[in-house]
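Here the protein sequences come in this chain order: V and A.
If you read the first sequence in this note's numbering, its first letter stands for residue 45, the second for the next number, and so on.
If you read the second sequence in this note's numbering, its first letter stands for residue 310, the second for the next number, and so on.
For every residue, glycine included, the Cβ atom is placed at its ideal position computed from N, Cα and C.
Note that the structure is a prediction, hence the values are computed from the model and not measured.
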Amino acid sequence: MRISYRVWHVFMRNFTVFKKTWLANVMFNFIEPLLYLGAMGFGLGVFVEDIDGLPYINWMAPGLIATSAMWAAALECTYDSYMRMNYQKTYHAIIATPVNLEEVVVGEILFGTFKSLLYGIIIIIVISALGLVPSPWVLLVLPVLALEGLAVTELSITWTGLVPGVDAFGFFFTLVITPMFLFSGVFFPLDGLPVLVQVIAWFMPLYHVVELTRSLTLGTVGPSLLYDVLWLVVFITAIFKLPLYLMRKRLID
Amino acid sequence: MVSNKSMVVEATKLTKKYGNFMAVDNINFDIRAGECFGFLGPNGAGKTTTVKMIQCFSPLTSGTLNVLGMNVQHEERKIKSRLGVVPQEDNLDPELTVMQNLIIYAAYFDFKGIKAQRKAKELLDFFELGEKRDALASNLSGGMKRRLTIARALINNPALLVLDEPTNGLDPRARHMVWQKLRELKNRNITLVLTTHYLEEAHRLCDRLLIMAGGKILDLGTPKEMVNKHIGDEVLELNIPPEQMSPLLEKVRKHIHGSLNLGTSLCLSPKDSKTLMTVLQETPFDLQYQLLRPANLEDVFFKLTGRGLEQ
Ligand SMILES: Nc1ncnc2c1ncn2[C@@H]1O[C@H](COP(=O)(O)OP(=O)(O)OP(=O)(O)O)[C@@H](O)[C@H]1O
Ligand SMILES: [Mg+2]
């Protein structure tokens with residue numbers, strides 16, 4: 045394999061840029077989940093019965109850890125990656141050095157994963173402060189966020205490798221990210237939906253991430269969670285080469 | 310293939326196709342250690358395509374290419390670690406400062422810490438960017454960006470520096486400054502490869518040149534050799550009304566080696582300039598402007614690549 049420790053150099057390049065604007069960056073990305081928490085949790089929640097024996101806001105809040113992480117990773121590896129690749133020609137600059145294109149892509153994946161972790165952790169802190177995190181199992185959400193980051197960034201960079209232009213990212217968000225956001229059991233249990241929708245949801249990474257974050261945050265831990273982890277690991281491994289292949293095809297061949 | 314130590318680049322039957330389109334068509338050339346070698350040619354000639362293969366960016370379609378004694382297809386990483394690359398379009402990190410651009414780039418070569426800092430500072434001083442070290446790259450002028458891009462390409466002490474149109478889009482002062490820096494680099498024994506369509510640049514900097522068009526080599530040699538071979542010593546440039554060009558050429562035919570019609574002016578290469586001038590004075594033509602000057606690469610360029618050439 046042609047991938048070495050040099051992926052770290054790529055990660056550090058993005059991190060150096062990120063450090064300059066992190067405050068604006070973080071604020072922007074964390075206000076949105078708070079709006080959902082306010083609107084759905086406090087607003088809608090008043091009209092909703094308990095779910096699994098919990099007040100609606102307590103049940104819903106852990107899912108926001110997963111969605112916040114997903115949006116951060118997806119935005120990073122679509123619009124931001126595309127900017128670097130297409131306008132700034134950052135990838136071209138880097139691959140003129142001993143770092144190869146596969147390492148650039150993996151560096152981007154790792155940086156997107158870092159953002160997934162960061163934005164997930166911010167939500168954990170916020171909902172903890174609101175008393176919505178009852179269990180110490182929540183610490184295990186961190187590796188889950190890493191898995192989520194890998195899964196989402198791989199999907200996003202795959203799309204970035206394919207798109208003809210920056211406008212085409214709209215499709216990705218409308219067809220992939222938003223459906224995951226709405227139908228992965230973040231805002232309501234999927235039991236009431238048609239079986240077909242439930243089956244489709246099962247094939248989306250976010251569904252498994254939400255299962256994991258909710259169970260760990262609430263402390264309702266059981267062995268079935270290992271299947272969700274396994275699902276994510278298989279997904280990440282299965283599509284790993286796809287973005288590498290598409291980027292090489294796009295930029296070099 | 311046995312490779313010659315004093316050859317920095319050896320290209321044999323080098324070919325690059327994009328789909329069915331021949332961008333570089335079966336060309337052979339060598340670049341020697343310590344020289345400045347230029348690729349000259351009109352837009353779309355295949356210059357960038359050729360240097361991208363040297364930079365191990367673009368895979369070859371066929372042929373062999375050795376850089377620094379190593380095969381580009383097998384030792385990409387090793388070659389890249391000893392190469393400096395200045396792309397046709399600047400690709401600096403716009404959100405980072407001038408200094409950070411160098412430090413981050415150094416890291417790609419595993420070059421870090423105090424040594425990298427020192428090298429970066431030395432390069433900024435050399436390129437007269439010291440005062441700008443904390444400015445954002447996006448705020449630099451075009452000329453400064455270009456200098457920073459060249460500085461960045463030198464961060465790993467490359468044995469070979471490949472520059473794709475190093476002075477593209479620069480004003481004359483900025484261009485002269487880049488030329489001066491490149492000459493200083495050459496004096497430090499760095500092999501330079503550049504592409505350009507500025508003939509003056511090629512003339513001033515290059516020891517040897519390759520003129521190409523349509524993916525093929527038209528000629529290869531020193532600028533002086535090429536000028537002598539294709540044009541001669543001198544050129545007489547004339548401005549005359551277009552309808553008088555043919556009759557005039559008819560009149561002077563036996564006194565010139567060749568001529569070139571550039572639309573608004575006519576260039577003649579005289580066998581003997583004095584005789585030609587006398588002949589012209591005796592003709593009734595309406596010569597609005599005439600200039601006898603030494604022949605240069607531009608004449609060669611037009612002769613080899615231009616239309617309207619009559620021998
Ligand atoms: N990635 C590509 N896919 C298809 N065709 C390409 C590609 N890159 C270059 N070409 C074509 O190959 C030919 C040579 O291009 P190249 O960029 O090497 O020219 P150049 O000599 O550098 O020109 P310029 O002076 O304009 O920079 C052109 O006709 C160009 O359209
Ligand atoms: Mg070019």
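Original post:
Can a CB atom of chain V be found closer than 7 Å to the CB of GLU404/A?
Top reply: Counted from its first residue, the second sequence places residue 404/A at position 95. Chain V contact via Cβ: present.
Subject >> Of the listed residues ILE167/V, TYR100/V, TRP52/V and LEU290/V, nearest to TRP115/V (C-alpha basis) >> reply: The residue you call residue 115/V lines up with position 71 of the first sequence. Ranking the options by Cα distance to TRP115/V, first place goes to ILE167/V.
**OP:** With 8 Å as the limit, tell me which residues of the segment 130 to 153 of chain V have their beta carbon closer than that to any beta carbon of chain A; keep them in chain order.
**Re:** Within the segment 130 to 153 of chain V, the residues whose Cβ lies closer than 8 Å to some Cβ of chain A are GLN132, LYS133, THR134, HIS136, ALA137, ILE138, ILE139, ALA140, THR141, PRO142, VAL143 and ASN144, listed in chain order.
**OP:** Could you say if the segment 437 to 454 of chain A and the segment 478 to 491 of chain A meet the contact criterion of at least three C-beta pairs nearer than 8 Å?
**Re:** yes
Subject >> Beta-carbon proximity of LEU501/A to CYS365/A, cut-off 7 Å >> reply: For the purposes of this step, residue 501/A is taken as residue 192 along the second sequence, with counting starting at 1. For the purposes of this step, residue 365/A is taken as residue 56 along the second sequence, with counting starting at 1. No.
Original post:
If you draw a straight line from the C-alpha of THR204/V to the C-alpha of ALA118/V, how long is it?
Top reply: One-based indexing of the first sequence puts residue 204/V at position 160. One-based indexing of the first sequence puts residue 118/V at position 74. Taking the straight line from one Cα to the other gives about 10 Å.
Original post:
Which residues bound the beta strand (DSSP E) around PHE420/A?
Top reply: Mapped onto the second sequence, residue 420/A falls at position 111. Unbroken run through PHE420/A: none, as it is neither H nor E.
Original post:
Which value, in whole angstroms, describes the spacing of the CA atoms of VAL265/V and GLY422/A?
Top reply: Taking the first residue of the first sequence as position 1, residue 265/V is located at position 221. Taking the first residue of the second sequence as position 1, residue 422/A is located at position 113. If I take the Cα positions, the gap works out to 46 Å.
**OP:** Could you tell me whether the Cβ atoms of SER582/A and LEU601/A are closer together than 7 Å?
**Re:** Counted from its first residue, the second sequence places residue 582/A at position 273. Counted from its first residue, the second sequence places residue 601/A at position 292. A contact, by the Cβ cut-off of 7 Å.
**OP:** Report all residues for which the CB-ligand distance to some heavy atom of ligand 2 is below 7 Å; order them along the chain.
**Re:** Chain-ordered list of matching residues: LYS356/A, THR357/A, GLN397/A, ASP473/A, GLU474/A and THR504/A.
Original post:
For ILE413/A, which residues in chain V fall below 7 Å Cβ to Cβ?
Top reply: The residue you call residue 413/A lines up with position 104 of the second sequence. Those are ARG57 and THR60, listed as they occur along chain V.
Original post:
Using a C-beta to C-beta distance shorter than 7 Å, which residues of chain V count as neighbours of ALA444/A?
Top reply: Looking up residue 444/A in the second sequence gives position 135. Within 7 Å Cβ-Cβ: nothing; ALA444/A doesn't reach chain V, min ~14 Å.
Original post:
Should ALA425/A be listed as close to ligand 1, given that the test is whether its C-beta is under 6 Å from any heavy atom?
Top reply: Walking along the second sequence from the start, residue 425/A turns up at place 116. No; taking the cut-off as 6 Å, the Cβ of ALA425/A has no heavy atom of ligand 1 nearer than that.
Original post:
If we call anything under 7 Å between Cβ atoms a contact, is THR257/V one with ALA83/V?
Top reply: Against the first sequence, residue 257/V aligns to sequence position 213. Against the first sequence, residue 83/V aligns to sequence position 39. No, they are not a contact pair.
**OP:** Would you kindly work out how many angstroms separate the C-alpha atoms of ALA245/V and ASN58/V, rounded to a whole number?
**Re:** Counting from one through the first sequence, the residue named residue 245/V turns up at place 201. Counting from one through the first sequence, the residue named residue 58/V turns up at place 14. Rounded to the nearest angstrom, the two C-alpha atoms are 33 Å apart.
Original post:
So is the beta-carbon of GLY353/A under 6 Å away from any non-hydrogen atom of ligand 4?
Top reply: With respect to ligand 4, the structure offers nothing, as its ligand set consists of ligand 1 and ligand 2.
Original post:
Which residues does DSSP pair with TYR327/A in a beta bridge?
Top reply: On the second sequence, position 18 is the one that residue 327/A refers to. Note: TYR327/A sits in a beta bridge opposite PHE330/A.
Subject >> N-terminal and C-terminal residue of the alpha helix (DSSP H) that GLU384/A is part of >> reply: Translated into positions along the second sequence, residue 384/A becomes position 75. Neither: GLU384/A is in no alpha helix (DSSP H) and is coded neither H nor E.
Subject >> Identity of the residue in VAL143/V, LEU108/V, TYR123/V and THR60/V nearest PRO26/V by Cα >> reply: With chain V represented from 45 up to 297, any question about residue 26/V goes unanswered, as that position is not in the structure.
**OP:** Would you check whether ligand 1 has a heavy atom nearer than 6 Å to the C-beta of TYR135/V?
**Re:** Numbered from 1 along the first sequence, position 91 holds the residue referred to as residue 135/V. If you check the C-beta of TYR135/V against ligand 1, you find no heavy atom less than 6 Å away.
**OP:** For PRO368/A, return the contacting residues in chain B, with the cut-off set at a CB-CB distance below 8 Å.
**Re:** Protein chains in the displayed structure are V and A, and chain B is not among them.
Original post:
Which residues share a DSSP beta bridge with ASN570/A?
Top reply: Residue 570/A sits at position 261 when you count from the first residue of the second sequence. Answer by DSSP bridge pairing, in chain order: LEU575/A.
Subject >> Three-state class that DSSP yields for LEU176/V in the structure shown >> reply: Here residue 176/V refers to the residue found at position 132 when the first sequence is read from its first residue. Coil.
**OP:** Consider the C-beta atom of TYR507/A and the heavy atoms of ligand 1; say whether any pair is separated by less than 6 Å.
**Re:** Your numbering for residue 507/A matches position 198 in the second sequence. No.
**OP:** Could you tell me whether the Cβ of ARG386/A comes closer than 7 Å to any Cβ of chain V?
**Re:** Taking the first residue of the second sequence as position 1, residue 386/A is located at position 77. By the rule that beta-carbons nearer than 7 Å mark a contact, ARG386/A touches chain V.
Subject >> GLY87/V to TYR131/V span [Cα, whole Å] >> reply: Numbered from its first residue, the first sequence carries residue 87/V at position 43. Numbered from its first residue, the first sequence carries residue 131/V at position 87. Taking the straight line joining both Cα atoms gives about 42 Å.
Original post:
Is the shortest distance between the beta-carbon of MET331/A and the beta-carbons of chain V less than 7 Å?
Top reply: Counting from 1 along the second sequence, the entry for residue 331/A is found at position 22. So, not an interface residue.
**OP:** Throw me the rounded Cβ distance for the GLU147/V and ILE47/V pair, which I believe falls under 8 Å.
**Re:** Numbered from 1 along the first sequence, position 103 holds the residue referred to as residue 147/V. Numbered from 1 along the first sequence, position 3 holds the residue referred to as residue 47/V. That pair is a contact at about 6 Å.
**OP:** Kindly list, in the order they appear in chain V, the residues whose Cβ is closer than 7 Å to that of SER371/A.
**Re:** Along the second sequence, one-based indexing puts residue 371/A at 62. Against chain V, the beta carbon of SER371/A has no neighbour under 7 Å; the closest one sits roughly 15 Å away.
**OP:** Pick helix, strand or coil for ILE244/V, following the three-state DSSP scheme.
**Re:** Residue mapping note: residue 244/V aligns to position 200 of the first sequence, counting from 1. If DSSP states are grouped into helix, strand and coil, ILE244/V belongs with the helices.
Original post:
Nearest-angstrom Cα distance between THR324/A and ASN375/A?
Top reply: For the purposes of this step, residue 324/A is taken as the residue at position 15 of the second sequence. For the purposes of this step, residue 375/A is taken as the residue at position 66 of the second sequence. Each residue's Cα considered, the two are about 14 Å apart.
Original post:
Where does ASP608/A land, buried or exposed, given buried means 16+ other C-beta within 10 angstroms?
Top reply: Taking the first residue of the second sequence as position 1, residue 608/A is located at position 299. Its Cβ being crowded by 16 or more others within 10 Å, ASP608/A is buried.
Original post:
Quick one: is TYR417/A near chain V, going by C-beta distance under 7 Å?
Top reply: For the purposes of this step, residue 417/A is taken as residue 108 along the second sequence, with counting starting at 1. For TYR417/A, the answer is yes, since a Cβ of chain V falls inside 7 Å of its Cβ.
Original post:
With burial defined as no fewer than 16 other Cβ atoms inside 10 Å of the residue's Cβ, what is the status of LYS441/A: buried or exposed?
Top reply: On the second sequence, residue 441/A is found 132 positions in, with the first residue counted as 1. By the 10 Å Cβ count, LYS441/A comes out buried.
Original post:
Which residues of chain A have a Cβ atom closer than 7 Å to the Cβ of LYS23/V, listed in chain order?
Top reply: Look at the range of chain V in this structure, 45 to 297, and you will see that residue 23/V is not part of it.
**OP:** Give the DSSP-derived three-state secondary structure of GLY266/V in the structure shown.
**Re:** Translated into the one-based positions of the first sequence, residue 266/V becomes position 222. Here GLY266/V sits in coil by DSSP.
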